[in-house]
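Below: the structure, in structure tokens.
2 protein chains.
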Amino acid sequence: MKRKLTLKSIAKELGVSISTVSKALRDSPEISEETREKIKAFAKLYNYKPNNIALSLKNRKTNTIGVIIPQIVHHFFTTVIYGIEQEARENNYNVIICLSNNAFDKEVLNMELLANGSTDGFILSVSKETMMKEDYHHLNEVIDQGMPVVMFDRVVEGIQCDRVLIDDKAGAKKGVTHMIRSGCRKIGIITSEDYVSVGRLRTEGYLDALDDFGIKADDKLILKLDNIDDLSDKSKKRIEDFITNNDLDGVFTVNELFAVHASRVINALGKKIPDDISLVCFTDGQLSEHAVPSLTAVSQHGEEMGRKAASILINKLESPEDEEEEYSTTYIDTSLVERESTKEVTRR
Amino acid sequence: MKRKLTLKSIAKELGVSISTVSKALRDSPEISEETREKIKAFAKLYNYKPNNIALSLKNRKTNTIGVIIPQIVHHFFTTVIYGIEQEARENNYNVIICLSNNAFDKEVLNMELLANGSTDGFILSVSKETMMKEDYHHLNEVIDQGMPVVMFDRVVEGIQCDRVLIDDKAGAKKGVTHMIRSGCRKIGIITSEDYVSVGRLRTEGYLDALDDFGIKADDKLILKLDNIDDLSDKSKKRIEDFITNNDLDGVFTVNELFAVHASRVINALGKKIPDDISLVCFTDGQLSEHAVPSLTAVSQHGEEMGRKAASILINKLESPEDEEEEYSTTYIDTSLVERESTKEVTRR
Chain A
1 MKRKLTLKSI
11 AKELGVSIST
21 VSKALRDSPE
31 ISEETREKIK
41 AFAKLYNYKP
51 NNIALSLKNR
61 KTNTIGVIIP
71 QIVHHFFTTV
81 IYGIEQEARE
91 NNYNVIICLS
101 NNAFDKEVLN
111 MELLANGSTD
121 GFILSVSKET
131 MMKEDYHHLN
141 EVIDQGMPVV
151 MFDRVVEGIQ
161 CDRVLIDDKA
171 GAKKGVTHMI
181 RSGCRKIGII
191 TSEDYVSVGR
201 LRTEGYLDAL
211 DDFGIKADDK
221 LILKLDNIDD
231 LSDKSKKRIE
241 DFITNNDLDG
251 VFTVNELFAV
261 HASRVINALG
271 KKIPDDISLV
281 CFTDGQLSEH
291 AVPSLTAVSQ
301 HGEEMGRKAA
311 SILINKLESP
321 EDEEEEYSTT
331 YIDTSLVERE
341 STKEVTRR
Chain B
349 MKRKLTLKSI
359 AKELGVSIST
369 VSKALRDSPE
379 ISEETREKIK
389 AFAKLYNYKP
399 NNIALSLKNR
409 KTNTIGVIIP
419 QIVHHFFTTV
429 IYGIEQEARE
439 NNYNVIICLS
449 NNAFDKEVLN
459 MELLANGSTD
469 GFILSVSKET
479 MMKEDYHHLN
489 EVIDQGMPVV
499 MFDRVVEGIQ
509 CDRVLIDDKA
519 GAKKGVTHMI
529 RSGCRKIGII
539 TSEDYVSVGR
549 LRTEGYLDAL
559 DDFGIKADDK
569 LILKLDNIDD
579 LSDKSKKRIE
589 DFITNNDLDG
599 VFTVNELFAV
609 HASRVINALG
619 KKIPDDISLV
629 CFTDGQLSEH
639 AVPSLTAVSQ
649 HGEEMGRKAA
659 SILINKLESP
669 EDEEEEYSTT
679 YIDTSLVERE
689 STKEVTRR
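Heads up: the protein sequence lines correspond to chains A and B, in order. Residue numbering for the first sequence follows this note's numbering, starting at 1 and increasing by one per position. Residue numbering for the second sequence follows this note's numbering, starting at 349 and increasing by one per position.
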């Protein structure tokens, strides 16, 4: 079978990055004129037309939403997709999903793939690598072509698109406030380094809650781990030391995995949850629900987030084209799911 | 924007099912001649061409694999997708995912969507409703168009495609055998009704293991629940009664959720795992790994399954077209992950 010439094959052939090819074909001044000419000549020779199908079908509606997410082995993303699917179905839209595996090149290729006549618009959570590179030309490209984009969860600034976010700070504050109200006074937090935005925001919420009740924050009670997506042996050890060496009466964690390990450590120390130590985590998933004791959790409402993102996108797609463009940022509220790992709050 | 005429819109307009429209356009004798003529006339009037892009692009390779799965909020499917992604990436293929939400119509629409020039072939796990209807015309259609299909996990017979399956029976046998070897003699199983094939096969594996060791099976020790994907209050109650009323020394469950609840019940009865009762479940996911005690589990190797399915499909896509078609069925081996919920096997 004859292979289609893609951004990727051009990049490989000429020994440059996919991003360079993509930018050169768009005549981006970021690329030297010499390189631009070379790439354009090559593309012309092999009859490569960027997004040619998309252009020819400009007035044809596909009634399909393209979703690009960093990874799928993650309960939160699956609930968001579930919400997108529900909202799309009710509005007679199809949904196509691609994964970036947190890689920039894969994200660029996925957008090229789906923008080629398969979808009307995008819902996207950007990959870690894209955030690090701060290279968003692929997003600007589809937006320039008239395909609206809605970003969720991991969003970036400076792009003409709508955004749907979890209110991470308020969520963490809610969880920590609940522990304080139920009697905890020495609460530790297991979080991430500050460069991970969800970790930073949740830490801020924790500090806010302490401040509201006049409890002085103590750096020793803040454990910042490198990786929020995984639980390495090193992280396990740091959690063990943190709980063993601080005489805590409450632990707040920014994800379920940290909480599950904290619960195990508390158990091994012969302490009781919640009588000796209360435990609250961010994210309400299967682990929180089925742990013994079950865990009080801040629910992110992934399904609602997905529904909202889809609803914003569909509204854009169905509104008259001459309407003035406005971009919104929507915060999805979190809620606290009380379970066995916290004491009851005595109302006064 | 102008809407594209789809199978769905024709069906809605004429008040017939999507399946009827699809079959009528293929001149299927299952549909009355009158209905066929009416539908074809309507489609012609509105210039609907089934899979017209696919036909015009017949010789163009998209280097994209279409994946259709019943649901995504399910750890097993996400691991399979992860495996498909890995294998595809290594072979320079893209992956596009659509969900059927276990609905027949959605599955048909997804296949129509992706067959329209977006993909070279399919990897698919059929929806529950499709299995109940036993209507596979949409699969036969894409296969007739020269797009290979690989089915995994939930597969059906009588379709010209390759199949990748978990060896459910052998997996269950492995788990139960391990309990017997570690000293259990009165082992109960929490499974599904027989019409769910994974439940039936895993029950067979359980019975096989007992038989191998000359242990007589007892119907009272086999609990068959309606729903394998969920844990309803009714199911919880039945698990409680089952464990309370039978003096078991081992429990085997066909999924993680049943095991997690069984663990909770055993705990509440004041019995110790594994000293009083051993516990083994099918599926090695986050719940088994992080439960306290952690659960010995039969691992399904979803990632390997995904890799295998993708590798078979890519081989088909890259083999010369005149090669004689042969269809294979591959069984992915399971393995036992030993954790805290079972006793050690004393080797003699």
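We put the CB at the ideal spot given by N, CA and C, even for glycine.
Quick check: residue i and residue j, are their CB atoms within less than 8 Å of each other?
| i | j | result |
| --- | --- | --- |
| L571/B | I537/B | yes |
| V608/B | G547/B | no |
| I96/A | C532/B | no |
| E256/A | G302/A | no |
| I239/A | F258/A | yes |
| S182/A | T20/A | no |
| S118/A | S466/B | yes |
| I123/A | Y93/A | no |
| F104/A | S125/A | no |
| I420/B | Y82/A | yes |
| D556/B | K582/B | no |
| S676/B | I662/B | no |
Against residue i, what residues of chain A qualify as contacts under a CB-to-CB distance less than 9 Å, listed in chain order?
| i | result |
| --- | --- |
| I413/B | Residues of chain A passing the Cβ test: none, with the nearest at roughly 11 Å. |
Which whole-angstrom value is the C-beta distance of residue i and residue j, which I expect to be below 8 Å?
| i | j | result |
| --- | --- | --- |
| K316/A | T330/A | Incorrect: roughly 13 Å between the Cβ atoms, too far for contact. |
| S540/B | I576/B | 4 Å |
| N102/A | K128/A | 5 Å |
| S448/B | P418/B | 5 Å |
| L14/A | I31/A | Not a contact, Cβ separation roughly 12 Å. |
Which residues in chain A have a C-beta closer than 7 Å to the C-beta of residue i? List them in chain order.
| i | result |
| --- | --- |
| Y394/B | What Y394/B touches in chain A: nothing, since even the nearest Cβ is about 14 Å away. |
| L457/B | N94 |
Could you pull the start and end residues of the beta strand (DSSP E) that residue i belongs to?
| i | result |
| --- | --- |
| M151/A | V149 to F152 |
| N94/A | N94 to L99 |
| V415/B | T412 to I417 |
| K335/A | The sequence as given places Ser at residue 335/A; Lys does not occur at that position. Its beta strand (DSSP E) spans residues S335 to V337. |
| D510/B | D510 to I514 |
| L571/B | I570 to L573 |
| L627/B | S626 to F630 |
| Y206/A | Not the beta strand (DSSP E): Y206/A falls in the alpha helix (DSSP H), residues S197 to D212. |
Do you know how far the Cα of residue j is from the Cα of residue i?
| i | j | result |
| --- | --- | --- |
| T551/B | K522/B | 12 Å |
| A520/B | A610/B | 17 Å |
| R374/B | T644/B | 51 Å |
| D492/B | N116/A | 25 Å |
| S288/A | P274/A | 14 Å |
| L403/B | A639/B | With a pLDDT of 39 at L403/B, under the threshold of 50, the predicted position of this residue should be treated as unreliable, and no value is reported. |
| E338/A | I180/A | 14 Å |
| M1/A | P496/B | Model confidence at M1/A stands at a pLDDT of 33, short of 50, so the residue's coordinates are unreliable; what they give is reported in the following sentence. Using only the alpha carbons, I get a separation of about 14 Å. |
| T426/B | V80/A | 14 Å |
| P320/A | P29/A | 33 Å |
| I243/A | K236/A | 11 Å |
| D468/B | E666/B | 10 Å |
| E157/A | L355/B | 40 Å |
| R264/A | V498/B | 42 Å |
| A391/B | A372/B | 10 Å |
| R351/B | A436/B | Residue confidence is low: R351/B scores 47 on pLDDT, short of 50, so the model does not pin down where it sits. Its coordinate-derived value is still stated next. Approximately 33 Å between the Cα atoms of the pair. |
| L336/A | D212/A | 18 Å |
| A310/A | N458/B | 18 Å |
| D162/A | E112/A | 20 Å |
| V67/A | S299/A | 23 Å |
| Y306/B | I358/B | The displayed coordinates of chain B run from 349 to 696. Any statement about residue 306/B would go beyond what the structure contains. |
| M479/B | V108/A | 37 Å |
| K619/B | L627/B | 12 Å |
| H486/B | L549/B | 28 Å |
If the cut is a Cβ gap below 7 Å, which residues of chain B does residue i touch?
| i | result |
| --- | --- |
| N255/A | Within 7 Å Cβ-Cβ: nothing; N255/A doesn't reach chain B, min ~12 Å. |
| I96/A | I444 and C446 |
| Y82/A | I420 and V421 |
| E85/A | L447 and N449 |
| V260/A | H638 |
| S118/A | S466 |
| R264/A | V640 |
| L113/A | T412 and N442 |
What is the residue span of the alpha helix (DSSP H) that residue i lies within?
| i | result |
| --- | --- |
| Y430/B | H423 to E438 |
| G654/B | G650 to E666 |
What residues from chain A crowd round residue i, counting only those whose CB sits closer than 8 Å?
| i | result |
| --- | --- |
| N615/B | V292 |
| I366/B | Under the 8 Å cutoff, chain A gives no residues; its nearest Cβ is about 13 Å from I366/B. |
| L635/B | Q286, L287 and H290 |
Is there a Cβ of chain C sitting closer than 8 Å to that of residue i, yes or no?
| i | result |
| --- | --- |
| R374/B | No chain C is present in this structure, whose protein chains are A and B. |
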